[in-house]
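S.K.: Each residue of the sequence shown is one higher than the one before, starting from 0 at the first, in numbering that gives the first Met the number 0.
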Amino acid sequence: MKEIIGTSNRILEVDLTRNKVDIYEVKPRERRLYLGGKGLGLKLLYDRLQAGTDPLGEKNILAFMPGVLMGTGAPCSARFAAVTKSPLTGIMAASSCGGPFGMNLKTAGWDGLLVRGKAARPTSLFVTSEGVEFRDAGELWGLDTTETQAKLDEKRTGMLVIGPAGENLVRFANIATGDRFLGRGGMGAVMGSKNLKAIVALGGAYKISPVAQPAFEKLKKKATIYINRNMITGGLYRSYGTPANVAMNLKGNILPVRNFSDGTHAQALQISGEETKKNHETRHHTCKPCTILCGKKGNFGGQELPAPEYETVALLGSNLGVFDVEKIAEWNRICCRMGMDTISAGGTLAWVMEATERGLVQSDLKFGSPEGIARALLDIAHQKGFGAEMALGSKALSEKYGGTSFAMHVKGLEIAGYDPRGSFGHGLAYAVANRGGCHLSAFLVAQEVFLHLLRPHAVRAKADYVRFFESLNNCVNSLQTCLFTLFPYLLESPLTKYTPPFALALLMQEMPQVAIPLIDYTLYRDFWSAVTGIKMSRWEYLEAGDRITVLERYMNTREGIWRLHDTLPDRLLREGRKSDPKARTVPIEKLRSTYYKKRGYDHNGIPTPKTLRTLGIL
0 MKEIIGTSNR ILEVDLTRNK VDIYEVKPRE RRLYLGGKGL GLKLLYDRLQ
50 AGTDPLGEKN ILAFMPGVLM GTGAPCSARF AAVTKSPLTG IMAASSCGGP
100 FGMNLKTAGW DGLLVRGKAA RPTSLFVTSE GVEFRDAGEL WGLDTTETQA
150 KLDEKRTGML VIGPAGENLV RFANIATGDR FLGRGGMGAV MGSKNLKAIV
200 ALGGAYKISP VAQPAFEKLK KKATIYINRN MITGGLYRSY GTPANVAMNL
250 KGNILPVRNF SDGTHAQALQ ISGEETKKNH ETRHHTCKPC TILCGKKGNF
300 GGQELPAPEY ETVALLGSNL GVFDVEKIAE WNRICCRMGM DTISAGGTLA
350 WVMEATERGL VQSDLKFGSP EGIARALLDI AHQKGFGAEM ALGSKALSEK
400 YGGTSFAMHV KGLEIAGYDP RGSFGHGLAY AVANRGGCHL SAFLVAQEVF
450 LHLLRPHAVR AKADYVRFFE SLNNCVNSLQ TCLFTLFPYL LESPLTKYTP
500 PFALALLMQE MPQVAIPLID YTLYRDFWSA VTGIKMSRWE YLEAGDRITV
550 LERYMNTREG IWRLHDTLPD RLLREGRKSD PKARTVPIEK LRSTYYKKRG
600 YDHNGIPTPK TLRTLGIL
């Protein structure tokens, strides 16, 4: 086995139209400024992708980018990024994923893979340390994601595959690798538009070694200690998986119920991680390598199935008024095999249910009833009947039939399972998130609801923390490691851990200009430097997150995004939750204007020339 010390800096560029493969060498300045993973993927697309490109046209590009931690054995480092222009939103989409593909691509000697063009017929790619082989995939076309991976059955490989939803260009189709998914924004449809059924990577040719191995080992030990002793990563998520969020969201009155008409329900705990573990014997089923172990599988309806994640039990469960985990697990299985995002699927079905109640559309779907949901999901995947219209998502449906006020999306991407009327900072994060209704751009639910460090209905300081966590999260997604490590790496550092909770909350809420510089995120920076050998101050590292955030925003503004689009569904701005006696709504105008100033955007949300020059984008 050969060895790569640090990074190979070699990116494969595949043109499906011409059956051509080139190799791009990452420049030292690109590596330093954009890190890797999502950040470097965005930069490569910025240099190659013209504004106005059709997301389903052959000129669109898919980038698959493992970060510098992949293959090193760092905790929770099984993740890789994908970046493209979304057919659901028409703007940039980035997704993070576990699963075996990233490790195999990296240990085949490649720091990334770019795919453009369109194959003349169904095609798969076979990637090795020697390059790329084009293979006919006619016999795979029409198979679901599980059948496709079983049919390929390439030993010691990692695969990316699409199911019928991707082949049929469902706008929220995803890409599978094992039991993990590049979930949001319709990346599966982009693969399908290229007649690309699968990508198989054969790894194991290279060992990945950090430049500073002794320093790396110390960091690895420290990180593992932090993860194991943290109450969320070493406790709740390890024991119950992400559905542990159900109970916390219920206490905060932010669980989506009946298309976000409320934040609580008497039956909600039936879909919690605690109840699911007790009733369905869940056990570990995780990304590899992983230290948190949040992924689960269990016994559902007499079958061993992956346990639904929180977003799935929320959007396909409580948001539809359904609290039967076995039904949700079955719908999750359908979505996984068809290759569809469960968040957008659930958000779209909820809109149809409410539109049916209001007489805007005709369907058999009803809140609180599981009847017809499995059939509706299959109809979406195969673009059959009304399923062909549901396959376009809730934004397109509401623009055609009416009901835009209760189409729960931002910029066309259905929002995730947290009601921002009980978490104003998270509402701002949804509104300004670069890919649309994304809960992971700046997960302020953690500070506002889980940890009680910020007052959830306060406006003060929320723009500061959205700005900070957007940048830090982009650093994490460009390193790349799991965003859940933010809990231990930030909370278990000595200053945070040993500051009395009341004092910490007071400092964060009232003095963000003091609190934010004291947040210790140096574990991420130190891992980066140990692997690459590139020295950075903590401020330079965070500035890379600023740069990635602003570059993505700038790319979106070239597609027409501006202030008008940085908002929330009318329901969240004008209707209170039924269980909230104060009927609070999100004060987005004030939050947004403050955020723009702190980001260096103009009044319309466009990055100023000064901001772009300061960050080295122009």
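Here a beta-carbon is modelled for each residue, glycine too, at the ideal position from N, C-alpha and C.
If you follow the alpha helix (DSSP H) that Thr16 is part of, which residue opens it and which one closes it?
M.R.: Looking at the DSSP string, Thr16 is not in any alpha helix (DSSP H), and its letter there is neither H nor E.
S.K.: Compare the Cα-Cα distances from Pro487 to each of Glu356, Pro307, Thr232 and report the closest residue.
M.R.: Thr232
S.K.: Buried or exposed: which applies to His438, given that a residue is buried once 16 or more other Cβ atoms fall within 10 Å of its Cβ?
M.R.: buried
S.K.: Where Ala445 and Ile4 are concerned, what is the direct C-alpha to C-alpha distance, given to the nearest angstrom?
M.R.: 36 Å
S.K.: Of the residues Lys287, Glu310, Gly294, which one's Cα is nearest the Cα of Gly98?
M.R.: Lys287
S.K.: Quick one: what does DSSP say Ala62 is sitting in, helix, strand or coil?
M.R.: strand
S.K.: Beta carbon of Leu359, beta carbon of Tyr400: below 8 Å?
M.R.: yes
S.K.: With the cut-off set at 8 Å, would you say Lys206 and Met0 are in Cβ contact?
M.R.: With contacts defined as CB atoms closer than 8 Å, Lys206 and Met0 qualify as a contacting pair.
S.K.: What residues match up with Asp261 in a beta bridge as DSSP calls it?
M.R.: Val256
S.K.: The beta strand (DSSP E) with Lys295 in it runs from where to where?
M.R.: 295 to 299
S.K.: Can you give me the C-alpha to C-alpha distance between Leu427 and Tyr600, rounded to a whole angstrom?
M.R.: 15 Å
S.K.: Which residue from Thr176, Ala188, Ser492, Ser404 puts its Cα closest to that of Arg228?
M.R.: Ser492
S.K.: With a 10 Å radius around its C-beta and 16 neighbouring C-beta atoms as the bar for buried, classify Tyr497 as buried or exposed.
M.R.: exposed
S.K.: Pick from Val13, Glu280, Thr311: whose alpha carbon is nearest that of Gly297?
M.R.: Glu280
S.K.: Tell me whether the beta-carbon of Lys589 lies closer than 8 Å to the beta-carbon of Val458.
M.R.: In contact: Lys589 and Val458 (Cβ atoms closer than 8 Å).
S.K.: Could you give the C-beta distance for Ala344 and Ala328, rounded to a whole number, given that I count them as a contact under 8 Å?
M.R.: Not really, about 14 Å apart at Cβ, beyond 8 Å.
S.K.: How long is the line joining the alpha carbons of Leu490 and Tyr225, rounded to whole angstroms?
M.R.: 9 Å
S.K.: At which residues does the alpha helix (DSSP H) containing Ser622 begin and terminate?
M.R.: Given a span of 0 to 617 for the chain in the structure shown, any question on residue 622 remains unanswerable.
S.K.: If you reduce the DSSP assignment to three classes, tell me which class Lys534 lands in.
M.R.: coil
S.K.: Just checking, does the region 240 to 251 make contact with the region 197 to 213 on the three C-beta pairs under 8 Å criterion?
M.R.: Cβ pair count under 8 Å is below three, so no.
S.K.: Can you name the start and end residues of the alpha helix (DSSP H) that Tyr205 belongs to?
M.R.: Counting along the chain, Tyr205 falls outside any alpha helix (DSSP H), though it belongs to the beta strand (DSSP E) covering 205 to 208.
S.K.: Hey, how far is the Cα of Asp110 from the Cα of Ile616?
M.R.: The alpha-carbon atoms of Asp110 and Ile616 are separated by roughly 22 Å.
S.K.: Note down the Cα distance separating Gly435 from Arg31, rounded to an integer number of angstroms.
M.R.: 27 Å
S.K.: In whole angstroms, give me the CA-to-CA distance for Lys19 and Glu447.
M.R.: So the two alpha carbons sit approximately 50 Å from each other.
S.K.: So, do the region 449 to 464 and the region 522 to 540 have three or more beta carbon pairs nearer to each other than 8 Å?
M.R.: no
S.K.: Taking the continuous alpha helix (DSSP H) assigned at Val189, which residues delimit it?
M.R.: 186 to 192
S.K.: What are the boundary residues of the beta strand (DSSP E) that Pro305 is part of?
M.R.: 302 to 305
S.K.: Leaving aside the five residues before and after Thr584 along the sequence, list all residues of the same chain whose C-beta is less than 8 Å from its C-beta, in chain order.
M.R.: Arg420, Leu571, Leu572, Arg573, Glu574, Gly575
S.K.: Which whole-angstrom value describes the C-beta separation of Ile291 and Tyr236, a residue pair presumed to lie in contact below a C-beta threshold of 8 Å?
M.R.: 6 Å
S.K.: Based on DSSP bridge pairs, tell me the residues matched to His451.
M.R.: When DSSP reads this structure, His451 sits in no beta bridge, so it has no partner.
S.K.: Helix, strand or coil for Met337 per DSSP?
M.R.: helix
S.K.: Taking the continuous alpha helix (DSSP H) assigned at Arg466, which residues delimit it?
M.R.: It spans 461 to 478 - the alpha helix (DSSP H) in which Arg466 sits, taken as one unbroken run.
S.K.: Where does Ala582 land, buried or exposed, given buried means 16+ other C-beta within 10 angstroms?
M.R.: exposed
S.K.: Is the beta carbon of His602 less than 8 Å from the beta carbon of Tyr594?
M.R.: no
S.K.: Please determine if the region 382 to 396 and the region 545 to 558 are in contact, where contact requires at least 3 C-beta pairs separated by less than 8 Å.
M.R.: Cβ pair count under 8 Å is below three, so no.
S.K.: Nearest to Lys410 by CA position, among Thr52, Ile90, Glu129, is which residue?
M.R.: Ile90
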